[in-house]
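Worksheet: the structure to be examined is printed underneath.
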Amino acid sequence: MSFQPIFDAYSWDETKASIYAKTVDDVARALASRQRTLEDFKALISPAAAPYLEQMAQRSHQLTRKRFGNTVQLYVPLYLSNECQNICTYCGFSLDNKIRRRTLSSVEMLQEAAVLKQWGYDHVLLVTGEANQTVGVDYLERALRTLRPHFAHLSMEVQPLDQVDYERLIPEGLNTVLVYQETYHRDDYKKHHPKGKKSNFNYRLDTPDRLGRAGIHKMGLGVLIGLEDWRTDCFFTALHLDYLERTYWQTKYSLSFPRLRPAEGLLQPKVEMSDRELVQLICAYRLWNEEVELSISTRESPTFRDNVVKLGITSISAGSKTNPGGYAVAPESLEQFEISDERSPAEIAAMLRQQGYEPVWKDWDATLTALAR
Ligand code: SF4
């Protein structure tokens, strides 16, 4: 059993056409519905829903408050390595970029962790490029063992692994894995990932299934918005999530929606998504799925983040550095992508309190996971 046959039954072009064909009647029906379907989701992300944004935002706010209360979780990435054997057209760590490569030692990991602990974090997202020789499963296991005594919760955004590898890392404290498909458009995926293990579309598509079978506590999905038509890509993300929730119902899920921003010298987005459209997407995800966690990163501007936090978001990054050693060991090294919101975690926490939210520094306690089993 896997998502692939379900995905293969859909045509990209027909799916896209059906989203753009949605009418205001479809949107009104979706808004009035008690149990929203994937067809309703299509209507809510369609251009026809644009005039309903205010209504969607209010409903999204109410549903999020009802399910998640007045809490917003803070998270932070800890980049362990920028070594990578892949070519990805949009990434500063791509193999063909001539940058200084660095992989943190256990001592350096602890130096970085000390800064994050001082800021108040009790959970951390470990990030590496995809380089089996240097940051393969042995290295990841060592990282978990090194950091586990210092954090209540450890997440990872690293290369997709085999099921046995996840089964090996979960007992070491791996709680959450983020694995973004980048785009569900097969041909465009090939164009943006021409070399390395990541060029295997199907292996990546199957990763959440391997995670689910391994019994991961939480996984995060998403696409890089801008590589292809965002509406179609986000529909496929929702389709994927829908399948996973029904198949691995004990796992929790989160969604992210990083936008590829136009920037000098970097890959320009094929399709630009406006701020209003991103708000529409966030609200559509919430109206369709009341349980899923929705996450926004420091890629977005302070003003946008301040405004969107009450519209459905449940976690927000703060203080992020996207270079290995960026907090203490090597602050000047090259970042994976540029940060738009450079406010400190304390400033973000203050902003949240001002809006009536309680910032949460810990995602989940390991003892609770044990109790849930
Ligand atoms: S996106 Fe990930 S896999 Fe691709 S080049 Fe960057 S670090 Fe490597």
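Just so you know, our numbering puts 319 at position 320 of the sequence shown, and the rest follows in order with no gaps. We treat Cβ as the ideally placed atom computed from N, Cα and C, and that holds for glycine.
Cα-Cα separation, residue i to residue j
i: residue 352; j: residue 310; result: 15 Å
i: residue 371; j: residue 40; result: Only weak support exists for where residue 371 lies, its pLDDT of 48 falling under 50; the value from the coordinates is given anyway. One C-alpha to the other measures close to 31 Å.
i: residue 130; j: residue 34; result: 43 Å
i: residue 247; j: residue 105; result: 34 Å
i: residue 259; j: residue 280; result: 15 Å
i: residue 270; j: residue 14; result: 17 Å
i: residue 357; j: residue 348; result: 8 Å
i: residue 102; j: residue 324; result: 9 Å
i: residue 120; j: residue 317; result: 10 Å
i: residue 31; j: residue 215; result: 35 Å
i: residue 99; j: residue 91; result: 11 Å
i: residue 213; j: residue 312; result: 28 Å
i: residue 198; j: residue 192; result: 5 Å
i: residue 51; j: residue 184; result: 28 Å
i: residue 176; j: residue 344; result: 23 Å
i: residue 151; j: residue 21; result: 45 Å
Beta-bridge pairing of residue i - partner residues as DSSP gives them
i: residue 155; result: 125 and 176
i: residue 43; result: For residue 43, which the question treats as bridged, DSSP gives no partner whatsoever.
i: residue 70; result: 357
i: residue 75; result: According to DSSP, which records beta bridges pairwise, residue 75 is partnered with nothing at all.
i: residue 258; result: 224
i: residue 181; result: 222
i: residue 217; result: 175 and 251
Pair within 8 Å by beta-carbon distance, residue i and residue j
i: residue 207; j: residue 178; result: yes
i: residue 2; j: residue 226; result: no
i: residue 87; j: residue 93; result: yes
i: residue 297; j: residue 339; result: yes
i: residue 59; j: residue 286; result: yes
i: residue 256; j: residue 221; result: yes
i: residue 272; j: residue 224; result: yes
i: residue 321; j: residue 78; result: yes
i: residue 83; j: residue 128; result: yes
i: residue 29; j: residue 16; result: no
i: residue 326; j: residue 115; result: yes
i: residue 196; j: residue 85; result: yes
i: residue 147; j: residue 171; result: yes
Contact with chain D by residue i, beta-carbon distance below 8 Å
i: residue 326; result: Protein chain content of the structure displayed is limited to a single chain, and chain D is not contained in it.
Determine contact between the region 34 to 53 and the region 297 to 312, defined as no fewer than three beta-carbon pairs at a distance below 8 Å. No: the two stretches stay apart, fewer than three of their Cβ pairs being nearer than 8 Å.
When you get a sec, list the residues whose CB is within less than 6 Å of any heavy atom of the ligand SF4, chain order please. Residues with a Cβ closer than 6 Å to any heavy atom of the ligand SF4, in chain order: 83, 85, 87, 90, 92, 93, 128, 129 and 197.
Validate contact between the region 105 to 117 and the region 62 to 69 using beta carbons, cut 8 Å, 3 pairs: Contact between the region 105 to 117 and the region 62 to 69 is absent, with fewer than three C-beta pairs closer than 8 Å.
At a cut of 8 Å, does the region 69 to 76 reach the region 272 to 291 through at least three beta carbon pairs? Verdict: no, contact absent.
Would you check if the region 227 to 234 and the region 163 to 174 touch, i.e. whether three or more CB-CB distances between them fall below 8 Å? At 8 Å Cβ cutoff, the stretches do not touch.
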